[in-house]
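Worksheet: the structure to be examined is printed underneath.
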């Protein structure tokens, strides 16, 4: 459509140029015809002026009256030359022009002869010549021939005017036709563009609806998965606590009873059967190792310090154990303690600290770590900062970073947020969790626990083996 419209416009331009040239030619021919009539009339006037000047000369005898007669020859020849050029395309007019030229030359010759006769004989000779000559008939022939040529020229002018009008009308109609066709093509093109635009708008609307539906579905599914993840974390912690209690109570009681029985039997067999007593002592040693294994398993499932002494003691003890095992200086600054009844809050914050320190051990290559727990206006702020290599942007958005996702979900489980960013001067990593306090804790704040030598010394959890690494959280990185 665009190409067709462009071709039509180009054709219209070419047609207009062609018509303009044709109109220009017709106008030129009309001008030539008008000039021919004017020249013929002027030629007749020249002859009449020459004849009139001659009469004045004859009557007055003054040669000043002969001005038009003297210049008539040159002016007549000039007019005939112009007329011959103007009538070059009209053979009939050229023929009439030649005849007129003969008559005018003859008339001018007679006038010149009359002047010579007057100069030699006077006015009487001129009167005698006028009586016998028919000069009026010669002028009538000239006038008649001029009238004929002017009439014929007027007919040519009328014909050419009609042709000019016809060409003009044809040019106008052709231009109107081409413009109408171009307008029709433009209307069709507009309809095509309009239909295309409507189709595209409909497609965009459908796509937008699909995107909105997909986005709402994704948000809904994400929320469902987040809720499920937090539920699984809660269920996992509850199951770990239950299992830890059963292992501590029931298995611990059975192992203690077995140990007591072994001790009693060993004392009885020590004198009578020393070799059996030695075997029982080895069995008791193995039993003690089993008890220690049970204690480590229980601590992995649910730290006993967290339930007995609270979050503050559990974090400080774990950080001290982390510093001793990894040779990384770990400073703690805890300005608030958590009530033992807030088990969900305590275990979540402890697991975040545990996972953070575990990741520092694996990846950070840090020399210093600080763990801060403060109370602010909006709740609690837990911040773990190291001076290691720092976390990469790819690791932040890595979909399989289960450890980071686990920490975020624990924060969300408490209604808070967790952010992970580069540390100061782009060194190290800063993990910050902001947790709103429960209503019953919002008005109560324990006294600050000032650090002593980088951390508060406290007794180690009884279940942590002196040569074992810090307990890893249940969320693998």
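In the numbering used here, the protein residues as written are 19 to 495. Just so it is clear, CB atoms sit at the ideal spot from N, CA and C, and this is done for glycine as well. Please read all numbers here as calculations on a predicted model, not as lab measurements.
- By the Cβ neighbour-count rule, residue 425 is buried, with 16 or more other Cβ atoms within 10 Å of its own.
- Burial state of residue 28 is exposed, judged by a 10 Å Cβ sphere holding fewer than 16 other Cβ atoms.
- For residue 443, no beta strand (DSSP E) run applies, since DSSP gives it neither H nor E.
- If you look at residue 54, you'll find it in the alpha helix (DSSP H) that goes 20-78.
- When C-beta atoms of the segment 282-294 are compared with those of the segment 311-318, fewer than three pairs fall below 8 Å, so the two segments do not count as touching.
- For residue 408, there is no enclosing alpha helix (DSSP H), since its DSSP letter is neither H nor E.
- About 6 Å separates the beta carbons of residue 65 and residue 160, which is inside the 8 Å limit, making them a contact pair.
- Among the bridge pairs identified by DSSP, residue 388 is matched with 349, 403.
- In chain order, 284 place their CB closer than 7 Å to the CB of residue 299, counting only its own chain and leaving out the 5 sequence neighbours on each side.
- Under the DSSP definition of a beta bridge, residue 393 partners with 398.
- A direct Cα-to-Cα measurement between residue 377 and residue 267 gives close to 33 Å.
- As DSSP reads the structure, residue 452 sits in a beta bridge with 399, 435.
- For a cut-off of 8 Å, the C-beta gap from residue 118 to residue 168 is around 11 Å, too long to register as a contact.
- If you draw a straight line from the Cα of residue 446 to the Cα of residue 334, it comes to about 22 Å.
- Your pair residue 352 and residue 428 does not check out as a contact, with CB atoms roughly 18 Å apart and the cut at 8 Å.
- Membership of residue 82 in any alpha helix (DSSP H) is not indicated, and neither H nor E is assigned to it by DSSP.
- Counting only the Cα atoms, residue 227 lies some 15 Å from residue 217.
- In this structure, the straight-line span from the alpha carbon of residue 323 to that of residue 231 is close to 49 Å.
- Straight through space, the alpha carbons of residue 34 and residue 68 are spaced by roughly 50 Å.
- The alpha-carbon separation between residue 123 and residue 36 amounts to approximately 44 Å.
- Collapsing the DSSP output to three states places residue 318 in a helix.
- When C-beta atoms of the segment 398-415 are compared with those of the segment 377-390, three or more pairs fall below 8 Å, so the two segments count as touching.
- Here the C-alpha atom of residue 294 lies approximately 18 Å from the C-alpha atom of residue 306.
- Shown here for residue 430: same chain residues with a beta carbon closer than 7 Å to its own, the five before and five after excluded, namely 244, 248 in chain order.
- Residue environment analysis places residue 208 among the exposed positions, since fewer than 16 neighbouring C-beta atoms fall within 10 angstroms of its C-beta.
- Taking a contact as a CB-CB distance under 8 Å, the pair residue 22 and residue 203 counts as one, their CB atoms being some 5 Å apart.
- Taking residue 70 as the centre and dropping the five residues before and after it, the same chain places the C-beta of 86 closer than 8 Å to its C-beta, in chain order.
- Secondary structure of residue 383 (DSSP, three-state): coil.
- The three-state secondary structure of residue 328, taken from DSSP, is coil.
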